[in-house]
Amino acid sequence: MPIPPGGHALRLRAPRAHSPLRPAHVTELLELPVVEETSAGGIVLALFDGVPHAAVIARRNRAGRLEWCLPKGHLEGDETPPQAAIREICEETGIRGQILALLGVIDYWFTGTDRRVHKVVHHFMLSAVSGRLTVENDPDAEAEDVAWIPVADLDRRLSYPNERRIAAIAATRVGDHKINQRTEADHA
């Protein structure tokens, strides 16, 4: 089955017989269709008084708990991961960025009620070019809040270990790139 642009085809697995070594609920879980998803996002940076800050968002997880995370989202149409990262970060934070570097790719699985999802997320480091923090442009209305956080504090603010690892990589590479200075008025 050919892979559509910007995504992956739905892959169905053959049914598996129950095994005395595998409980029925595990077998049922493994029989769910597998969906491949590709997303992109990352860390958009700005300097405030010479201190690098990253725009991060707060959204609710499936259990309803508010979690701080890096902005990201699915590739649309023929988008490349860098194009999707720029668009998604702008939609979710209000900040338009310019790609500086690829920070890494996170690959993980999760299970929904009707499918298993294999997700691959491309994370980029960007420099803020324009815009002001807002969640009003998020078409999915997933982001509830957005804030500029000092890069040095991301490990305490981000909810997911994989994203904290991406932030740690960004922290070591901030000095390698030109990050745009913002005014205190842009900080709010």
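Taken in order, the sequence shown gives residues 28 to 215; the numbers are from my numbering. Note that beta-carbon positions come from the ideal geometry of N, C-alpha and C, so glycine has one too.
Could you check where the beta strand (DSSP E) with residue i kicks off and where it finishes?
| i | result |
| --- | --- |
| ASP203 | From DSSP, ASP203 is part of no beta strand (DSSP E); its letter is neither H nor E. |
| LEU129 | 122-138 |
| ASP172 | 170-177 |
| VAL148 | 143-158 |
| VAL162 | From DSSP, VAL162 is part of no beta strand (DSSP E); its letter is neither H nor E. |
| ALA67 | 61-75 |
| ALA90 | Run containing ALA90: none; DSSP gives neither H nor E here. |
Please state if the CB of residue j and the CB of residue i are separated by a distance shorter than 7 angstroms.
| i | j | result |
| --- | --- | --- |
| ILE206 | LEU72 | yes |
| PHE151 | ALA198 | no |
| SER186 | TRP95 | yes |
| GLY131 | ILE176 | no |
| LEU102 | THR140 | no |
May I have the straight-line CA-CA distance separating residue i from residue j, to the nearest angstrom?
| i | j | result |
| --- | --- | --- |
| PRO109 | GLY68 | 8 angstroms |
| GLN208 | GLY77 | 7 angstroms |
| ARG89 | HIS204 | 36 angstroms |
| ALA36 | GLU63 | Because the pLDDT of ALA36 is 41, which lies under 50, any placement of that residue in the model is unreliable, and the number read from its coordinates should be weighed accordingly. Cα-Cα distance, rounded: 7 angstroms. |
| ARG256 | LEU59 | This structure cannot speak to residue 256, because the chain is shown only from 28 to 215. |
| THR138 | HIS145 | 9 angstroms |
| GLY104 | GLN125 | 21 angstroms |
| GLU163 | GLU118 | 8 angstroms |
| ASP167 | TYR135 | 22 angstroms |
| LEU181 | ILE196 | 11 angstroms |
On a Cα-Cα basis, can you pick out the residue from the options that is closest to residue i?
| i | options | result |
| --- | --- | --- |
| VAL178 | PHE75, GLU58, THR140 and LEU59 | PHE75 |
| GLU115 | SER186, ARG184 and VAL148 | VAL148 |
| ILE84 | ARG191, ALA174 and ASP180 | ALA174 |
| GLU169 | VAL61, ALA81, THR107 and GLY100 | GLY100 |
Closer than 8 angstroms by C-beta to residue i: which residues in its own chain qualify, once you throw out the five before and the five after it? Chain order, please.
| i | result |
| --- | --- |
| SER157 | ILE122 and ARG123 |
Got a sec? Which residues, its chain only, sit under 6 angstroms from residue i by beta carbon, not counting five neighbours each side?
| i | result |
| --- | --- |
| LEU129 | PHE151 |
| ILE133 | VAL148 and ASN189 |
| ARG142 | LEU59, PRO60 and VAL62 |
Apart from the five residues just before and just after residue i, which ones in its own chain have a Cβ nearer than 7 angstroms to its Cβ?
| i | result |
| --- | --- |
| ARG120 | Note that residue 120 is Thr in the sequence shown here, rather than Arg. The residues are VAL71, ALA82, ILE84, PRO98, LEU160 and VAL173. |
| ARG86 | GLU94, CYS96, GLU169, ALA170 and GLU171 |
For the alpha helix (DSSP H) that residue i lies in, which residues bound it at each end?
| i | result |
| --- | --- |
| GLY181 | A small fix is needed here, since residue 181 is Leu in this sequence, not Gly. 181-184 is the span of the alpha helix (DSSP H), which, as asked, contains LEU181. |
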